[in-house]
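Visitor: Protein chains in written order, with this note's numbering: chain A, 2 to 666; chain B, 16 to 315.
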């Protein structure tokens, strides 16, 4: 296997990378020979386009037109990339693979971070995202803030606090950075506490509260002129989090995410960067149904997910080309238990594993190469070859439904991508790309056992014999960029073979009392997805910007029926006015009526809605202390609405007044 | 190194279930130990059961016969095993058992089984008659034993009167430790003969009052009775059919641990229903699962 991979590596070493040559480098590196500190400005740019300055990760992600969300409450939204569920994307933190410990997807990886420790979120669509491993929809990499080394001693302290009226949310975010020419440290702390929120009609949405504490620490040491060593740790604790769309809430989830990395500029050159990282993360997740008196049976559903891995990345940046090679390997163990207590507690509990100790081992090598053929033409290509191995410690659970299922399974996951960009004039460019890639079924899809899905109210059974999902993808984009106007149109089309989706099983009967039947994860012959987005930015005046987005998606299964969770026609329009230290913005966003919903997969139609928001911010200095105050209203008209992806059609938040102050020392 | 230290420092808030341990067989109860021994002339007969104790329902039995003078284990042409129940009215009857025991050379003992129909107490007294032949001489002996309530519900049994007005007994034999998995289900089906046994009869003349029923078919429908389970069942189960050992073999899948009801319907060789009713397949959350008129409850 390894020799095969290395062999292929040399064959394709001339393939081209997708990455932009101008791509921002890891900030550990840049400052190694630096005179001054380089701090990323990327996230700030993003927040400029955000209404709220103190956004959560979910709110930050939602600014990307390719991301939509499944919402089960006010907290921990599941990000859908290109309208595909999260098992189809590779979601990483600084390239580290982490897997949620909840069978009901209460804990997407994005819920274990906080915005004050995030520098950038890198979203790659489709096979362009195969650098971190096998994917279908693409990759989302959350990049942590990393303060650079500096020649003189440097301190920065940022403190932000705010309040949101609708759910009585109070939050505090703090960040401390310290750097010298040998050491660089970032520490962050955040605290959020919210009560139940109220919908547009003023009705309380019960069990929608949340409490979260997130802290992180990063310490970097410059081991030589051309190398550095860095240790990172994140500890995230969420307690008493309500999930109104689910029959259970969260009692406690705790994640510890750690890594140790070494960065070296090879040959002492800034354009040969080698970065190697070893990481370990462990997540525990405990649900709680004791606050739901409507439940007939008391259940405990603890889950654990532990992952350790390594990644090693070499980036060679030359004038006309960029090559990036990355090796990824990780091992994950996912365990989820289900304890049901009879009404007579003296009787023996009922027990089963919803994830019967599933181990996943993945190793893969990815190569991306980008070549500037001429001033007007750019070609990039990439590939990833992965081997994926699953092992079930208690395969007898899976044998109940699939008596011939193997105890272990190895899969090979190839992926290729190619992209060509042509600049026809200085202002206008076109690009065309294609991709091919496999992915292995997730733990739930392959080995899940009576996982209750409260959306369609079925118990789901995994099938270890599922085939790889295979994606064929084409994408195209056009960009027009003149002084005052920027227009960008993007479209992609996925044809996915062996698309995995739940189908009603004729065998078995439900285990959870709320469910109506048993579904098995099944490969349907194919599915087709199409996504289109249009973005226009127009500088009306020097200090007045108008940005608008339009998105349209459509997806069908092999029988021509609609797939679920495909976002209807949606739009957003934002106007921002800046006058000195004052900024005022207003925005409208909404979805059209969900016409192409999927009754076959348990969807009911949702109505059109439009939300109007307004905010103002003002920055001022007291001596050298920078203060930014913001005040705003979301959903001014208190529209009562649910989106196509709200589980259980739980209404969204009504009018919400928020205010925050950010102090930077 | 750092990671190892961290992971050692960072322990889980709630411990994982030790599933292997919970479902592993209790070693102590799994070994054969002496229940009672009988001295018959120059011979000593050891009667052994799992854990040295007989329980109501199915029990495996081993009999070893030793020459007292040499201490040698002996092999005979035939060893007969007969359990007899005496109650206060001095009506004597037997229970399902293997009369002619089978010799197994690997442990130099005779193997059989017995399915006790009652627990010993003041009114019910069990004894075992043992008979064997050496050089044409017939030896026999008897000894009282104690039968306790079976704590393992997976060895439950049920007696019933069939639609043919005959009395039957259905007893679970295996699995004794079910798994959340596909399990081979073995049950014994016996018919009660009306002639009772005279306690003074010698062993050769004795006739057991139960015998194996042949060529019947037992339909199986396992369900979880707990109201919150809403009449939950499992897939891929197979009805029980008679195998070469005389017992009825089928397949039961248990989807989780806890209380299960095995609902049965017994058909005779002509296909006539002897006992049992069909169970609703409806999912009925909050209502205790409806049971067949013939069922056995188990728990694991």
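Quick reminder that beta carbons are idealized off the backbone N, C-alpha and C, glycines included.
#1: Under a Cβ-count criterion, where at least 16 other Cβ atoms within 10 Å of its own Cβ denotes burial, should residue 276(A) be classed as buried or exposed?
#2: Using the beta-carbon of each residue, which ones in chain D are nearer than 8 angstroms to residue 353(A)?
#3: Note down the Cα distance separating residue 271(B) from residue 352(A), rounded to an integer number of angstroms.
#4: Report yes or no: is there a C-beta of chain A within less than 9 angstroms of the C-beta of residue 177(B)?
#5: Give the DSSP bridge partners of residue 159(B), in chain order.
#6: By Cβ distance, which residues of its chain are closer than 7 angstroms to residue 297(A), with the 5 residues on each side in sequence left out?
#7: Name, going along the chain, the residues of the stretch 280 to 291 of chain A whose beta-carbon falls closer than 9 angstroms to a beta-carbon of chain B.
#8: Excluding the five sequence neighbours on either side, which residues of its own chain have a C-beta within less than 7 angstroms of the C-beta of residue 185(A), listed in chain order?
#9: Based on Cα-Cα distance, which residue from 252(B), 58(B), 124(B) and 296(B) lies nearest to residue 403(A)?
#10: Applying the criterion that 16 or more other CB atoms from any shown protein chain within 10 Å of the CB defines a buried residue, is residue 186(B) buried or exposed?
#11: Excluding the 5 residues preceding and the 5 following residue 262(A) in the sequence, name in chain order all residues of the same chain whose CB lies nearer than 7 angstroms to its CB.
#12: Can you pull out the residues from the stretch 396 to 420 of chain A whose beta carbon lies closer than 8 angstroms to at least one beta carbon of chain B?
#13: Can you tell me the Cα-Cα spacing of residue 76(A) and residue 244(A), whole angstroms?
#14: Just to confirm the assignment, what range does the alpha helix (DSSP H) spanning residue 398(A) have?
#15: Taking Cβ to Cβ, would you say residue 396(A) is nearer than 9 angstroms to residue 343(A)?
#16: Determine, using beta carbons only, whether residue 29(A) comes closer than 9 angstroms to chain B.
#17: Look up residue 172(A) in the DSSP assignment and say whether it is helix, strand or coil.
#18: Got a sec, what are the start and stop residues for the alpha helix (DSSP H) residue 60(A) sits in?
#19: Let me check understanding here. Comparing Cα to Cα, which of 398(A), 464(A) and 629(A) lies closest to residue 197(B)?
#20: Could you tell me the distance, in whole angstroms, from the CA atom of residue 506(A) to the CA atom of residue 125(A)?
#21: Out of 592(A), 482(A), 307(A) and 614(A), state which residue places its alpha-carbon closest to the alpha-carbon of residue 576(A).
#22: Which class does residue 448(A) belong to by DSSP, given the choice of helix, strand or coil?
#23: Which residues in the same chain have their Cβ closer than 8 angstroms to the Cβ of residue 374(A), if we skip the five residues on either side of it in sequence?
#24: Could you work out which residue in 69(A), 631(A), 102(A) and 176(A) is closest to residue 115(A) when comparing CA atoms only?
#25: If we ignore side chains and look at the alpha-carbon of each, how far apart do residue 335(A) and residue 280(A) end up?
#26: Can you give the Cα-Cα distance for residue 485(A) and residue 247(A), rounded to whole angstroms?
#27: What does residue 166(B) reach in chain A if we use C-beta pairs closer than 7 angstroms?
#28: Rounding to the nearest angstrom, what Cα-Cα distance links residue 302(B) and residue 312(B) in this structure?
#29: So, helix, strand or coil for residue 72(A), using DSSP?
#30: Does residue 39(A) come out as helix, strand or coil in the three-state DSSP assignment?
#31: Tell me whether the stretch 355 to 370 of chain A and the stretch 265 to 285 of chain B touch, counting them as touching only if at least three CB pairs, one residue from each stretch, are closer than 8 angstroms.
#32: Would you call the stretch 590 to 603 of chain A and the stretch 559 to 568 of chain A in contact, with 3 or more CB pairs under 8 angstroms?
#33: Using the Cα positions of residue 146(A) and residue 274(A), report the straight-line distance between them to the nearest angstrom.
#34: From this set, 320(A), 495(A) and 316(A), which residue's C-alpha is nearest residue 1(A)'s C-alpha?
#35: So that I know if they touch, is there some Cβ in chain A lying closer than 9 angstroms to that of residue 246(B)?
#36: Could you name the residues of chain A that residue 250(B) contacts, counting a contact when the two beta carbons are closer than 7 angstroms?
Guide: Per the coordinate set shown:
#1: By the neighbour-count criterion, in which 16 or more other beta carbons inside 10 Å mark a residue as buried, residue 276(A) falls on the buried side.
#2: Of the protein chains in this structure, namely A and B, none is chain D.
#3: Cα-Cα distance, rounded: 5 angstroms.
#4: For residue 177(B), no CB of chain A lies under 9 angstroms from its own CB, so it is not counted at the interface with that chain.
#5: Beta-bridge pairing links residue 159(B) to 142(B).
#6: The answer, listed in chain order, is 514.
#7: The residues in question are 280, 281, 283, 285 and 287.
#8: For residue 185(A), where only same-chain residues beyond five positions count, the Cβ hits under 7 angstroms are 148, 149, 150 and 221.
#9: Among 252(B), 58(B), 124(B) and 296(B), the Cα nearest to that of residue 403(A) is on 252(B).
#10: Label assigned to residue 186(B): buried.
#11: Contacts found: 231, 276, 277 and 278.
#12: Within the stretch 396 to 420 of chain A, the residues whose Cβ lies closer than 8 angstroms to some Cβ of chain B are 397, 398, 400, 401, 402 and 404, listed in chain order.
#13: Taking the straight line from one Cα to the other gives about 8 angstroms.
#14: Segment 396 to 402, the alpha helix (DSSP H) holding residue 398(A).
#15: Cβ atoms of residue 396(A) and residue 343(A): not closer than 9 angstroms.
#16: Note on residue 29(A): pLDDT 33, under 50, position unreliable in the model; the coordinate value appears next. Using beta-carbon distances, residue 29(A) does not count as an interface residue toward chain B, since no partner is under 9 angstroms.
#17: When secondary structure is reduced to three states using DSSP, residue 172(A) falls in the strand class.
#18: Residue 60(A) -> alpha helix (DSSP H) spans 58 to 62.
#19: Nearest C-alpha to residue 197(B): 398(A).
#20: Put simply, the backbone Cα of residue 506(A) is about 36 angstroms away from that of residue 125(A).
#21: Closest option to residue 576(A), Cα to Cα, is 614(A).
#22: Note: residue 448(A) maps to helix in three-state DSSP.
#23: Once the five neighbours on either side are set aside, the close Cβ partners of residue 374(A) are 380.
#24: Of the listed residues, the one whose Cα sits closest to residue 115(A) is 176(A).
#25: Here the alpha carbon of residue 335(A) sits roughly 17 angstroms from the alpha carbon of residue 280(A).
#26: Distance from the CA atom of residue 485(A) to the CA atom of residue 247(A), rounded to whole angstroms, is 47 angstroms.
#27: Contact note: residue 166(B) does not reach chain A at a C-beta cutoff of 7 angstroms; the least C-beta distance is about 12 angstroms.
#28: Rounded to whole angstroms, the gap between the alpha carbons of residue 302(B) and residue 312(B) is 17 angstroms.
#29: Of the three classes helix, strand and coil, the one that applies to residue 72(A) here is strand, per DSSP.
#30: Bear in mind that a pLDDT of 28 at residue 39(A), under 50, signals an unreliable position, so the model cannot answer this.
#31: With the cut-off at 8 angstroms, the stretch 355 to 370 of chain A and the stretch 265 to 285 of chain B do not touch.
#32: A contact between stretches requires three or more CB pairs, one per stretch, nearer than 8 angstroms, and the stretch 590 to 603 of chain A meets this requirement with the stretch 559 to 568 of chain A.
#33: In this structure, the alpha-carbon of residue 146(A) lies about 19 angstroms from that of residue 274(A).
#34: Given a span of 2 to 666 for chain A in the structure shown, any question on residue 1(A) remains unanswerable.
#35: So yes, residue 246(B) belongs to the interface.
#36: Residue 250(B) reaches chain A at 401, 402, 508 and 509, counting residues in chain order whose Cβ is nearer than 7 angstroms.
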